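Protein chains: 2
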Amino acid sequence: KMASSNAKAANTLKILISTDNHVGYMEKDPIRGEDSFITFEEIFRHAQNEEVDFVLLGGDLFHENKPSRRCLMRVMEILRTYCLGDRPVQIQIHSDQAKNFHSKFGRANYEDPNINIQLPVFTIHGNHDDPAGDGGYTALDLLSVANLVNYFGKPQSIDDIKIYPLLLSKGTTQVAIYGLGNVRDERLHRTFLQQKVRFVQPEPTHPDGGAEATDREWFNICVLHQNRARHSEKNHIPESFLADFLDFVIWGHEHECLITPVESAGSNFMVVQPGSSIATSLVEGEAKPKHIGLLEVLGTKYRFRAIPLQTVRPFVMDEIILRETGLNALDAQIDAHMQEILAEKVAAMVATAGEQNAALVQDPRFAKLKLPLIRLRVDYTDFSTCNNQRFGQRFVGKVANPNDILLFRKKRVGGNEREGGC
Amino acid sequence: KMASSNAKAANTLKILISTDNHVGYMEKDPIRGEDSFITFEEIFRHAQNEEVDFVLLGGDLFHENKPSRRCLMRVMEILRTYCLGDRPVQIQIHSDQAKNFHSKFGRANYEDPNINIQLPVFTIHGNHDDPAGDGGYTALDLLSVANLVNYFGKPQSIDDIKIYPLLLSKGTTQVAIYGLGNVRDERLHRTFLQQKVRFVQPEPTHPDGGAEATDREWFNICVLHQNRARHSEKNHIPESFLADFLDFVIWGHEHECLITPVESAGSNFMVVQPGSSIATSLVEGEAKPKHIGLLEVLGTKYRFRAIPLQTVRPFVMDEIILRETGLNALDAQIDAHMQEILAEKVAAMVATAGEQNAALVQDPRFAKLKLPLIRLRVDYTDFSTCNNQRFGQRFVGKVANPNDILLFRKKRVGGNEREGGC
Ligand SMILES: [Mn+2]
Ligand SMILES: [Mn+2]
Ligand SMILES: [Mn+2]
Ligand SMILES: [Mn+2]
Numbered sequence: 011k012m013a014s015s016n017a018k019a020a021n022t023l024k025i026l027i028s029t030d031n032h033v034g035y036m037e038k039d040p041i042r043g044e045d046s047f048i049t050f051e052e053i054f055r056h057a058q059n060e061e062v063d064f065v066l067l068g069g070d071l072f073h074e075n076k077p078s079r080r081c082l083m084r085v086m087e088i089l090r091t092y093c094l095g096d097r098p099v100q101i102q103i104h105s106d107q108a109k110n111f112h113s114k115f116g117r118a119n120y121e122d123p124n125i126n127i128q129l130p131v132f133t134i135h136g137n138h139d140d141p142a143g144d145g146g147y148t149a150l151d152l153l154s155v156a157n158l159v160n161y162f163g164k165p166q167s168i169d170d171i172k173i174y175p176l177l178l179s180k181g182t183t184q185v186a187i188y189g190l191g192n193v194r195d196e197r198l199h200r201t202f203l204q205q206k207v208r209f210v211q212p213e214p215t216h217p218d219g220g221a222e223a224t225d226r227e228w229f230n231i232c233v234l235h236q237n238r239a240r241h242s243e244k245n246h247i248p249e250s251f252l253a254d255f256l257d258f259v260i261w262g263h264e265h266e267c268l269i270t271p272v273e274s275a276g277s278n279f280m281v282v283q284p285g286s287s288i289a290t291s292l293v294e295g296e297a298k299p300k301h302i303g304l305l306e307v308l309g310t311k312y313r314f315r316a317i318p319l320q321t322v323r324p325f326v327m328d329e330i331i332l333r334e335t336g337l338n339a340l341d342a343q344i345d346a347h348m349q350e351i352l353a354e355k356v357a358a359m360v361a362t363a364g365e366q367n368a369a370l371v372q373d374p375r376f377a378k379l380k381l382p383l384i385r386l387r388v389d390y391t392d393f394s395t396c397n398n399q400r401f402g403q404r405f406v407g408k409v410a411n412p413n414d415i416l417l418f419r420k421k422r423v424g425g426n427e428r429e430g431g432c
Numbered sequence: 011k012m013a014s015s016n017a018k019a020a021n022t023l024k025i026l027i028s029t030d031n032h033v034g035y036m037e038k039d040p041i042r043g044e045d046s047f048i049t050f051e052e053i054f055r056h057a058q059n060e061e062v063d064f065v066l067l068g069g070d071l072f073h074e075n076k077p078s079r080r081c082l083m084r085v086m087e088i089l090r091t092y093c094l095g096d097r098p099v100q101i102q103i104h105s106d107q108a109k110n111f112h113s114k115f116g117r118a119n120y121e122d123p124n125i126n127i128q129l130p131v132f133t134i135h136g137n138h139d140d141p142a143g144d145g146g147y148t149a150l151d152l153l154s155v156a157n158l159v160n161y162f163g164k165p166q167s168i169d170d171i172k173i174y175p176l177l178l179s180k181g182t183t184q185v186a187i188y189g190l191g192n193v194r195d196e197r198l199h200r201t202f203l204q205q206k207v208r209f210v211q212p213e214p215t216h217p218d219g220g221a222e223a224t225d226r227e228w229f230n231i232c233v234l235h236q237n238r239a240r241h242s243e244k245n246h247i248p249e250s251f252l253a254d255f256l257d258f259v260i261w262g263h264e265h266e267c268l269i270t271p272v273e274s275a276g277s278n279f280m281v282v283q284p285g286s287s288i289a290t291s292l293v294e295g296e297a298k299p300k301h302i303g304l305l306e307v308l309g310t311k312y313r314f315r316a317i318p319l320q321t322v323r324p325f326v327m328d329e330i331i332l333r334e335t336g337l338n339a340l341d342a343q344i345d346a347h348m349q350e351i352l353a354e355k356v357a358a359m360v361a362t363a364g365e366q367n368a369a370l371v372q373d374p375r376f377a378k379l380k381l382p383l384i385r386l387r388v389d390y391t392d393f394s395t396c397n398n399q400r401f402g403q404r405f406v407g408k409v410a411n412p413n414d415i416l417l418f419r420k421k422r423v424g425g426n427e428r429e430g431g432c
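Protein sequences appear in the order of chains A and B.
Going left to right, the first sequence walks through residues 11 to 432 as the working numbering numbers them.
Going left to right, the second sequence walks through residues 11 to 432 as the working numbering numbers them.
Now the structure itself:
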């Protein structure tokens, strides 16, 4: 029978999904320094407005393994502002929390009677904020001991990984969340091949339930932070490696926003790749509109909605092939003419970015966001390069990255190249 | 009339006082690495056992301006363990909290309805954990945004300092706490001389009360972190600089434990110098038994009790003058004979330290504390030095600092010398 609208809401788990926030990225840049913080806060505003049950993050919350004190302060201020409060938490946790969490306190923050959490955050670590250095702590551990996030999915060993899911329920809906924090791709690839990565499914919840009944009861989510794109045979994780009983996979680490869930090739689950919430390299994949996702689960059915981010600095990318511009390499004033052509092209890109500004939230606090990121690839085959910094001088005050607008390439390179890590 | 015992307790403010905890000091030393954490936790055990109303710290909570992640984790774990809980906080705050505290949230942690504090901690900063670097934050700010401590007493400017006291009451007892975090001594000295340090007394609390009545109502405490000993004319703060209306001054930064309050020379207040809770240099002042203090205030009367710390590594210091040992500088085997004499002396010191162990808490977790710190000053006038590391080999496993037992001096130096900062 059809549940009433109220009952439906009471049983619908709403999860805000985001990844690769890279908070602190370029924090000392006078123009771009605030970007990562502004968008991180926007994400929590959405969480608040949507009244989600919790936020699920896919790793690389911090850009630096050792975030600056200022960066830690800002993140803690934001989390404290949005996560503490009186809105009742409607989820319950059924798993062995000592197996899920790695802090001395070993339980979800909203279960601590000494703190009033209204918005739980669950996060795995990425490669940028992985547990390195003394004591094997990550900056996420600091957020965790401060009771601001629930850090889970830390593999106990690289060679033998048991993933104990978070088992969460809201009303009649039950989700199991299998978290796997970043491990070096090659190592994890090998561990998968050796069948040493185990997704530990929950025991039947009803004493008389069989395994089959149990499997059907849980909506099985996996969140991981690995290469998804095939770079070489072993430094990525094929989707087919993941447990077949999964329903929904959230793929972190890849910065390109592919926010529409797609059916996995060869597996039964859906995959969403939210992408980073800030562009950390000026490549094609980062130029797409940035989104976060709202996943609603009722029973074992789900609905997914993309939420466009409204505080992401406009980023326009284009390409020019000098040989096709009519420039003459033997021209005595080739340098000046080339720069003229490039400047014209960049000016057009800035205009395009201006149109993107319409998507930006209108808020005087964020006025600096209007300066766009511009990246023009220049195929200079048969020509010479020019000085990027000097060229950019004329765009100071018009673009956010005047020092590296141009990227000179001898030959056109395919769209799959990457600069910098994710 | 005499108040009943119950009413007396309800009006008696109990404050645990400690300073210079230097948490993280030598944290990588395989023998001494845990010392600072163990004693920091002991202090909070005392706070719990004595059921104090709050803990007041005098600066240098952290040894390093940028504590390691592990160190931050340990401190936050300890604070979270002892400061959160259900014991009701019985103090009330009457001052303008935005003037007292420097966090974005601008209020005492126990007033935050989202967190259940049972033991408030108020702290100023020292020179080791002063607000330096990007954003002017100190590691104390991280503890503060995590709602674990109340960081106060940060001067707004070095040249014009207004100290707005914390105004706290419990029942009928009212205390004003004037906090002044560390400022470079010479600068502060000058600011005092220019009469630009103001202790801002509270407005009358009763609309019809006069200033005189008000002054009498508050028990006025000052906590600061500066040189007290006169090093040169300007690099210390004379007690006479402090406001004359003060009742009780807690002097941080000086590591020597002078736990009995003494009347200030020339002023009307009492001064207590709790000293560090861990020896950070092997000098006479640090060899005295370490204490914290319990200050009880009822009305404008106080009682002070010294609490000996029971987890402080034994530290024995002595001196030997080679000329007085009968050693002969012309002896062909002078090196061997000298080392023999020194080793004998050190062995005796280790035995003395063994007696001190009786004061150590008996707990197998702290077994490592039994290895004492030994420092022997050697006046080697007319003789040569020997290699400290090599000499110490024979005391490995018997002392905590085998590499720097001996301190060679040509002439006897007075007891006032210092090594390292406080
Ligand atoms: Mn990554
Ligand atoms: Mn990333
Ligand atoms: Mn100091
Ligand atoms: Mn000190």
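Using N, Cα and C, we set each Cβ at its ideal position, and we do this for glycine too.
Given the structure is predicted, the values throughout are model-derived calculations rather than measurements.
For a Cβ distance threshold of 7 Å, residue set Lys114 and Val155 of chain A lies close to B:Glu87, ordered along the chain. Here B:Gly189 is bridged, per DSSP, to B:Val233. Around B:Gly143, the beta-carbon contacts reaching into chain A at under 7 Å are Arg79. When the beta-carbon positions are compared, B:Leu386 and B:Leu416 come within less than 8 Å of each other.
Restricting attention to B:Leu379, B:Ser179 and B:Thr362, the CA atom closest to the CA of B:Leu23 is found in B:Ser179. For A:Asp30, no Cβ of chain B is located within less than 8 Å of the residue's own Cβ.
Taking 8 Å as the cut-off, the beta carbon of A:Glu52 is found closer than this to the beta carbon of A:Gln320.
The contact set of B:Asp151 on chain A, defined by CB atoms closer than 8 Å, consists of Arg79 and Met83 in chain order.
Taking 9 Å as the Cβ-Cβ cut-off, the segment 119-130 of chain B approaches chain A at Asp122, Pro123, Asn124, Ile125, Asn126, Ile127 and Gln128, given in chain order. Following the DSSP letters along the chain, one finds A:Met280 inside the beta strand (DSSP E) bounded by residues Met280 to Gln283. In this model, B:Asp151 and B:Tyr161 are separated by some 7 Å (Cα to Cα).
Here DSSP, grouped into helix, strand and coil, assigns B:His56 to helix. Around ligand 2, the residues selected by a Cβ distance under 5 Å to any of its heavy atoms are A:Asp30, A:Asp70 and A:Cys432, following chain order. Shown here for A:Glu296: same chain residues with a beta carbon closer than 6 Å to its own, the five before and five after excluded, namely His265 and Ala289 in chain order. Nearest to A:Asn137 by alpha-carbon distance, out of A:Arg400, A:His235 and A:Gln399, is A:His235.
Identification of residues in the segment 95-113 of chain A having a C-beta nearer than 9 Å to some C-beta of chain B yields Gly95, Asp96 and Ser113, given in sequence order. Residue contact with chain A for B:Tyr147: present (Cβ-Cβ distance below 8 Å to some residue of chain A).
Counting only unbroken stretches of 3 or more residues, the beta strand (DSSP E) elements lying wholly within the segment 252-330 of chain B are 258-262, 268-273, 280-283, 301-308 and 311-318, in sequence order. The beta carbon of A:Ser113 sits closer than 8 Å to the beta carbons of Asp151, Ser154, Val155 and Tyr161 from its chain, once the five residues preceding and following it are set aside; these are given in chain order. Between A:Arg117 and chain B, the shortest Cβ-Cβ separation is not below 8 Å.
In this structure, A:Asn126 lies near A:Asp96, with their beta-carbon atoms less than 8 Å apart. Across the structure, A:His301 and A:Asn367 are spaced so that their CA atoms are roughly 16 Å apart. Residue burial annotation: B:Asn110 is buried, with at least 16 other C-beta atoms found within 10 angstroms of its C-beta. Taking CB atoms only, A:Arg375 has no neighbour in chain B less than 8 Å away. Assignment of B:Asn110 by DSSP, reduced to helix, strand and coil, places it in the helix class. Interface flag for B:Arg90 against chain A is set, since a Cβ pair is found closer than 8 Å. In this structure, B:Gly116 keeps its C-beta atom at 8 Å or more from the C-beta atom of A:Arg79. The beta strand (DSSP E) runs of length 3 or more contained entirely in the segment 30-111 of chain A are, from start to end of the chain, 64-67. Assignment of B:Asp389 by DSSP, reduced to helix, strand and coil, places it in the strand class. Contact check between the segment 88-107 of chain B and the segment 178-192 of chain B: three or more CB pairs, one atom from each, fall below 8 Å, which counts as touching. With a threshold of 16 other beta carbon atoms within 10 Å, B:Gly189 meets it and is buried. Cβ-Cβ distances below 6 Å link A:Asn411 to Leu383 in the same chain, with the five nearest sequence neighbours on each side left out; the list follows chain order. When DSSP states are grouped into helix, strand and coil, B:Gln205 belongs to the coil group. A:Gln283 sits buried, since 16 or more C-beta atoms from the chains shown fall within 10 Å of its C-beta.
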